[in-house]
Amino acid sequence: MKKTIIGFFLLFFAAQLTYAQEDASKQAIIELSKAKWQWMADKDAEKLAELFDEKAVFVHMGGSWGKEQEVNIIRSGGIWYKKADIHEVSVEIIDNTAILLNRITLIAEVGGNEVTNPFEVTEVYIKKAEGWKLGSLSFTKLMGSGNH
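If you use mature numbering (1 follows the signal peptide of the UniProt record, and there is no 0), the sequence shown corresponds to residues -20 to -1, 1 to 128, in order.
Here it is as structure tokens:
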């Protein structure tokens, strides 16, 4: 009976530890995403280049492309992500992949014109030896104000 009780407590403790680690990972991804939005607003192409995986893909209203083109667009100011007002955020972790959903209102400058759009943004992060890398960033335009 004593071994059963100890076994139960060890199992319970291990489950709690696993949930705590997952919560910490989710919070780390949320913080990394917030930092990414700031780096985009600051046009900090170097930090973004470090965050983006070499095989990363970016999906925008005007098309899709890879890491090099995204970094060059940010560096040149072709798209300036001025401010992302985050209304909702959620993270799911599957093995070494984190999927973050952001419901945002994005203020950006595109081709010299300021635009404001509501988006659901999907960010996919992959855990690698050197840390989390962004593997995909996709913008889906919402039909409302974006903050519902």
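C-beta atoms are modelled at their ideal positions from N, C-alpha and C, and glycine is treated no differently. Given the structure is predicted, the values throughout are model-derived calculations rather than measurements.
Measure the CB-CB distance between residue i and residue j and report whether it falls below 8 Å.
i     : j     : result
Ile54 : Lys14 : no
Phe99 : Leu86 : yes
So, at 8 Å on beta carbons, what are the nonlocal neighbours of residue i in its own chain, with the 5 sequence-adjacent residues on each side left out?
i     : result
Gly91 : Gly58
Find the nearest neighbour of residue i within the set the options, judged by alpha-carbon distance.
i      : options                       : result
Phe32  : Asn52, Met41, Gly43, Gly42    : Asn52
Lys16  : Ser5, Glu30, Asp3             : Glu30
Gly111 : Leu117, Met20, Ser5, Lys(-18) : Ser5
Ile84  : Glu50, Tyr61, Glu26, Gly42    : Tyr61
Ile74  : Thr(-17), Lys(-18), Ile9      : Ile9
Met123 : Asn97, Thr102, Glu103         : Asn97
Can you tell me which of the three DSSP states residue i falls into?
i      : result
Glu110 : coil
Gly126 : With a pLDDT of 46 at Gly126, under the threshold of 50, the modelled position of that residue is not reliable, and the figure given next carries that caveat. DSSP places Gly126 in coil when its eight states are reduced to three.
Lys62  : strand
Lys121 : strand
Lys23  : coil
Asn76  : coil
For residue i, collect the residues of the same chain with a Cβ closer than 7 Å to its Cβ; drop the 5 residues on either side in sequence, then sort them by chain order.
i     : result
Val95 : Ala88
Glu2  : Ile73
Ala21 : Tyr61, Lys62, Lys63
Val37 : Ser44, Gly46, Ser116
What does a CB cutoff of less than 6 Å around residue i pick up in its chain, not counting 5 residues either side in sequence?
i      : result
His128 : With a pLDDT of only 48 at His128, under 50, the local geometry of the prediction cannot be trusted, and the value read off the model is given with reservation. Excluding residues within five positions, none has a Cβ falling inside 6 Å.
Gly42  : none
Review point. Touch check for the segment 77 to 95 and the segment 103 to 120: three-plus C-beta pairs under 8 Å?
Key: yes
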